[in-house]
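First residue of the sequence shown? That's 143 in our numbering, and the numbers climb one at a time after it.
Even for Gly, the Cβ is constructed at its ideal location relative to N, Cα and C.
What you are looking at is a predicted structure, and each value in this text was computed from that prediction instead of being measured.
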Amino acid sequence: MSRVPVREALRTLEAEGFVVTRRHAGAQVAEPGAQEAVDVLETRLLLEPLCAARAAQRRTEAHLKVLRGLVRLGQERARRGQEEDLRSLGGWFHETLVQASASETLTSLLTLLRHKIAWMYVVESPARPQESWAEHGAIVDAVARGDAERARALTAQHADRARRAHRLRGPGPRPPRRPPGRDPEEAPAW
């Protein structure tokens, strides 16, 4: 393989924060600090509600069909206790919700954030998966009605509750459970 594609790949990984390169020392995997990890998670928690609001205004019938199908599958699997597929179904749900916002910028940013979160965090299974999927269903209902503010609020609540399932990989502090001033509630992760 030529050096050019390798250099380009390393530049891309460096721009995305996964790799650090030093002149005459090569490249190595980046070691993000705890604060950077918290910032990445909180950025997702800020952007995803915006995507839900935009999805309520811009979604297509195809988006709704996929979202409703994912909710049905998630609710069914949660009800039957088949939790092995729930994480991937949840990921597809959130990915489809972001795509329904019809914003390439938001889609790109949230895709990058999802990859970084997966790299930085271990995500525990939801404590109450049926409630988590009921939240997904309520978000889809708001999006289907075109109620941007309701979609935003429900997604913000869902994301805030879900942060409890995120645990930093390796040593370091656990991310904050909620921003200061918010009322703590026990709830499922997404």
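Item: Run through DSSP, which three-state label would Arg-164 get?; Value: strand
Item: What residue from Pro-268, Glu-218, Val-180, Arg-149 has the CA that sits closest to Arg-165's CA?; Value: Arg-149
Item: Going by DSSP in three states, Ala-169 sits in which element: helix, strand or coil?; Value: strand
Item: Could you pull the start and end residues of the beta strand (DSSP E) that Arg-270 belongs to?; Value: Taken as a continuous stretch (DSSP letters only), Arg-270 belongs to no beta strand (DSSP E), as it is neither H nor E.
Item: Can the beta-carbon of Leu-239 be found less than 8 Å from the beta-carbon of Leu-209?; Value: yes
Item: Please go through the same chain and pick out, in chain order, the residues whose beta-carbon is closer than 6 Å to the beta-carbon of Thr-297, but skip the five residues on each side of it.; Value: Glu-190, Pro-191, Ala-194, Ile-281
Item: Report the rounded CA-to-CA distance for Val-146 versus Val-171, giving the unit in angstroms.; Value: 19 Å
Item: Mind checking which residues open and close the alpha helix (DSSP H) that includes Arg-311?; Value: Premise fails: Arg-311 is in no alpha helix (DSSP H) and is neither H nor E.
Item: Mark Gly-232 as exposed unless 16 or more other C-beta atoms lie within 10 angstroms of its C-beta, in which case mark it buried.; Value: buried
Item: Would you report the Cα separation of Ala-244 and Leu-310, rounded to the nearest angstrom?; Value: 31 Å
Item: Hey, quick one: how far does the alpha helix (DSSP H) through Gln-177 stretch, first residue to last?; Value: 176–200
Item: Under 8 Å Cβ to Cβ from Leu-212, same chain only, skipping five residues before and after it: list those, please.; Value: Leu-231, Trp-234, Phe-235, Thr-238, His-278
Item: What do you get for Ser-144, buried or exposed, if any count of 16 or more other CB atoms within 10 angstroms of its CB means buried?; Value: exposed
Item: Note down the Cα distance separating Ala-197 from Ala-167, rounded to an integer number of angstroms.; Value: 45 Å
Item: Quick check: the Cα distance between Arg-186 and Arg-256, rounded to an integer number of angstroms?; Value: 8 Å
Item: Pair every Cβ in the stretch 174–188 with every Cβ in the stretch 283–295, then say whether three or more of these pairs are closer than 8 Å.; Value: no
Item: Within 10 angstroms of its Cβ, does Arg-306 collect 16 or more other Cβ (buried), or is it exposed?; Value: buried
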